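As structure tokens, the structure follows; a few thoughts come after it.
2 protein chains.
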Amino acid sequence: MAQTDTVTRILDTAEVLFAERGFAETSLRTITSKARVNLAAVNYHFGSKKSLIQAVFSRYLDPFTERFHCALDELQARYGDEVIPLEELLETMARSVLEVPAERNSLKVFMRLLGLAYSQAQGHLRRYIQEEYGSVFTRFTELVRQATPELPDAERFWRLHFVLGTVIFTLSGLDALRDIAEKDYGEHVTVRDLIRRLRPVVVAAMQAPLPSPVAPLAQEA
Amino acid sequence: MAQTDTVTRILDTAEVLFAERGFAETSLRTITSKARVNLAAVNYHFGSKKSLIQAVFSRYLDPFTERFHCALDELQARYGDEVIPLEELLETMARSVLEVPAERNSLKVFMRLLGLAYSQAQGHLRRYIQEEYGSVFTRFTELVRQATPELPDAERFWRLHFVLGTVIFTLSGLDALRDIAEKDYGEHVTVRDLIRRLRPVVVAAMQAPLPSPVAPLAQEA
DNA sequence: TCACGTTTGAAACAGCCGTTTATTACGGGG
DNA sequence: CCCCGTAATAAACGGCTGTTTCAAACGTGA
Numbered sequence: 036m037a038q039t040d041t042v043t044r045i046l047d048t049a050e051v052l053f054a055e056r057g058f059a060e061t062s063l064r065t066i067t068s069k070a071r072v073n074l075a076a077v078n079y080h081f082g083s084k085k086s087l088i089q090a091v092f093s094r095y096l097d098p099f100t101e102r103f104h105c106a107l108d109e110l111q112a113r114y115g116d117e118v119i120p121l122e123e124l125l126e127t128m129a130r131s132v133l134e135v136p137a138e139r140n141s142l143k144v145f146m147r148l149l150g151l152a153y154s155q156a157q158g159h160l161r162r163y164i165q166e167e168y169g170s171v172f173t174r175f176t177e178l179v180r181q182a183t184p185e186l187p188d189a190e191r192f193w194r195l196h197f198v199l200g201t202v203i204f205t206l207s208g209l210d211a212l213r214d215i216a217e218k219d220y221g222e223h224v225t226v227r228d229l230i231r232r233l234r235p236v237v238v239a240a241m242q243a244p245l246p247s248p249v250a251p252l253a254q255e256a
Numbered sequence: 036m037a038q039t040d041t042v043t044r045i046l047d048t049a050e051v052l053f054a055e056r057g058f059a060e061t062s063l064r065t066i067t068s069k070a071r072v073n074l075a076a077v078n079y080h081f082g083s084k085k086s087l088i089q090a091v092f093s094r095y096l097d098p099f100t101e102r103f104h105c106a107l108d109e110l111q112a113r114y115g116d117e118v119i120p121l122e123e124l125l126e127t128m129a130r131s132v133l134e135v136p137a138e139r140n141s142l143k144v145f146m147r148l149l150g151l152a153y154s155q156a157q158g159h160l161r162r163y164i165q166e167e168y169g170s171v172f173t174r175f176t177e178l179v180r181q182a183t184p185e186l187p188d189a190e191r192f193w194r195l196h197f198v199l200g201t202v203i204f205t206l207s208g209l210d211a212l213r214d215i216a217e218k219d220y221g222e223h224v225t226v227r228d229l230i231r232r233l234r235p236v237v238v239a240a241m242q243a244p245l246p247s248p249v250a251p252l253a254q255e256a
């Protein structure tokens with residue numbers, strides 16, 4: 036079937052180019068010419084550039100949410116009524132994130148796309164992701180809440196976004212950082228290696244002592 | 036003098052629009068019309084859109100690097116031959132970052148611009164910032180090295196970028212996150228409040244235990 | 001007051017953008 | 001066989017992009 040081939044070739048090319056340059060900086064002509072596909076094929080199969088962007092995300096997020104839900108099911112079944120430890124939750128999430136793009140070894144692309152979804156304006160994208168995939172995050176958040184009863188709700192909310200920032204920021208800018216690290220320390224760092232380094236940092240961040248209630252950061256020392 | 040007025044009006048308008056929508060998504064026509072300035076003024080005063088972008092960054096980074104250098108001078112003078120504690124270094128950096136845009140209460144814009152400089156492709160921008168302002172970061176990194184002798188060099192490098200990711204990611208996406216936080220917890224969070232929350236998390240991240248050397252993250256539990 | 005360098009102004013430039021149209025080629029069921 | 005829905009193609013559409021041009025206005029020293 037020629038249709039499927041055209042569609043996937045567009046998606047394969049688009050996700051790489053989007054990850055490299057961003058959405059606005061990647062034209063449909065660049066995508067279609069590099070994919071050796073007619074320009075009109077994008078509008079024919081996807082309707083618009085916006086829809087193409089959403090389709091690129093769905094191809095990653097649909098399998099991810101499914102796997103993540105399953106992994107959480109298994110985790111809850113294993114622990115029954117006991118509280119699932121925080122580290123277990125974090126590792127489950129990490130494993131689910133890693134499994135999806137591992138099939139096409141494109142973790143870098145996946146992370147870069149997630150970073151773009153956050154940083155790039157693209158209001159429609161944030162809304163789309165929120166509406167389509169917000170429920171998994173809500174479920175995960177609730178489990179984290181049970182695992183960290185000592186944290187006030189607001190504090191936990193912000194800390195989750197802190198560590199989310201660390202992970203997405205690091206892995207989405209990995210290529211640039213890797214160049215610097217290689218030049219300075221000679222060692223070629225792998226994604227797996229980076230995640231090994233991230234683990235204790237993330238755990239420590241979540242378990243950090245509560246901030247002082249009066250906020251004297253900018254005072255003169 | 037009318038020239039100076041035109042230049043600053045362009046810069047004032049451009050930095051806000053860039054921060055809101057990104058570089059590619061902000062046209063010169065949008066900038067000049069909102070700044071009530073002729074379209075050609077940008078190319079006349081700055082030469083090109085690229086140069087305008089760099090000028091926007093310079094206006095923040097030049098005062099920042101100067102203040103930061105002075106603050107580090109003072110810190111080194113105060114501690115003499117003693118090692119400067121890590122918390123002291125982090126707070127000095129935070130204070131320097133906060134002081135600059137405080138004059139025009141535009142910290143949000145500043146952070147968003149930093150985030151864009153990282154996430155947006157814009158190779159020319161990264162190169163420009165690296166060449167122009169890399170030395171301050173090098174100096175700061177060396178002081179952090181002395182403050183954390185127990186960390187291997189590579190580990191420290193990555194952790195600095197981890198916390199950098201947290202701060203930039205959080206503060207540059209602050210508006211979106213604030214909306215969610217407000218809806219969920221009702222409290223309106225200020226930048227100052229966020230920094231208060233960030234402090235213990237950043238310190239804990241830098242002081243987290245070293246990762247296990249064998250990297251078994253993705254193994255089956 | 002005149003002349004001159006600097007700054008504004010309106011208009012046009014070529015080029016790329018996303019999208020649409022109309023035509024052609026394909027391929028399995030009546 | 002023909003027919004018809006699906007898909008690929010080339011070409012054109014209007015619109016917006018950054019940049020350039022050239023004339024007009026400005027302000028300041030001679």
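Taken in order, these protein sequences are the chains called U and X.
Using our numbering, you'd call the opening residue of the first sequence number 36 and step up by one each time.
Using our numbering, you'd call the opening residue of the second sequence number 36 and step up by one each time.
Idealized CB from N, CA, C, for every residue including glycine.
This one's a predicted model, so the numbers in the text were calculated from it and none came from an experiment.
Mark residue i as exposed unless 16 or more other C-beta atoms lie within 10 angstroms of its C-beta, in which case mark it buried.
| i | result |
| --- | --- |
| residue 137 of chain U | exposed |
| residue 240 of chain X | buried |
| residue 155 of chain U | buried |
| residue 166 of chain U | exposed |
| residue 125 of chain X | buried |
| residue 115 of chain X | exposed |
| residue 100 of chain U | buried |
| residue 181 of chain X | exposed |
| residue 232 of chain X | buried |
| residue 83 of chain U | exposed |
| residue 230 of chain X | buried |
| residue 150 of chain X | buried |
| residue 74 of chain X | exposed |
| residue 57 of chain U | buried |
| residue 170 of chain U | exposed |
| residue 43 of chain X | exposed |
State the start and end residues of the unbroken alpha helix (DSSP H) segment that holds residue i.
| i | result |
| --- | --- |
| residue 109 of chain X | 84-114 |
| residue 221 of chain U | Where residue 221 of chain U is concerned, there is no enclosing alpha helix (DSSP H), given that its DSSP letter is neither H nor E. |
| residue 235 of chain X | 226-241 |
| residue 176 of chain U | 158-182 |
| residue 134 of chain X | 121-137 |
| residue 208 of chain U | Unbroken run through residue 208 of chain U: none, as it is neither H nor E. |
| residue 142 of chain U | 142-154 |
For chain U, is any of its Cβ atoms less than 7 Å away from the one on residue i?
| i | result |
| --- | --- |
| residue 173 of chain X | no |
| residue 53 of chain X | no |
| residue 261 of chain X | The shown model of chain X, from 36 to 256, leaves out residue 261 of chain X, and the question about it has no answer. |
| residue 208 of chain X | yes |
| residue 152 of chain X | no |
| residue 235 of chain X | yes |
| residue 252 of chain X | With a pLDDT of 46 at residue 252 of chain X, under the threshold of 50, the predicted position of this residue should be treated as unreliable, and no value is reported. |
| residue 76 of chain X | no |
| residue 98 of chain X | no |
So, does the CB of residue i fall closer than 7 Å to a CB anywhere in chain X?
| i | result |
| --- | --- |
| residue 216 of chain U | yes |
| residue 121 of chain U | no |
| residue 196 of chain U | yes |
| residue 102 of chain U | no |
| residue 92 of chain U | no |
| residue 231 of chain U | yes |
| residue 220 of chain U | yes |
| residue 204 of chain U | yes |
| residue 187 of chain U | no |
| residue 115 of chain U | no |
| residue 138 of chain U | no |
| residue 48 of chain U | no |
| residue 184 of chain U | no |
| residue 112 of chain U | no |
As a quick exercise: from the options, pick the residue whose alpha carbon is nearest that of residue i.
| i | options | result |
| --- | --- | --- |
| residue 95 of chain X | X/158, X/175, X/148 and X/45 | X/148 |
| residue 179 of chain U | U/169, U/164 and U/195 | U/195 |
| residue 161 of chain U | U/228, U/145, U/92 and U/187 | U/92 |
| residue 237 of chain U | X/229, X/104 and X/246 | X/246 |
| residue 63 of chain U | U/209, U/87 and U/223 | U/87 |
| residue 177 of chain U | U/120, U/74, U/242 and U/47 | U/120 |
| residue 102 of chain U | U/58, U/71, U/135 and U/150 | U/135 |
| residue 105 of chain X | X/90, X/128, X/118 and X/85 | X/128 |
| residue 69 of chain U | U/48, U/77 and U/79 | U/48 |
| residue 186 of chain U | U/209, U/206, U/243 and U/222 | U/243 |
| residue 41 of chain U | U/67, U/221 and U/223 | U/67 |
| residue 209 of chain U | U/60, U/54 and U/59 | U/54 |
Got a sec: does the ligand NAD put a non-hydrogen atom nearer than 6 Å to the Cβ of residue i?
| i | result |
| --- | --- |
| residue 232 of chain U | With respect to the ligand NAD, the structure shown offers nothing to examine, as it has no ligands at all. |
Unbroken stretches of the alpha helix (DSSP H), 4 residues or longer, contained in the stretch 41-74 of chain X: 63-69
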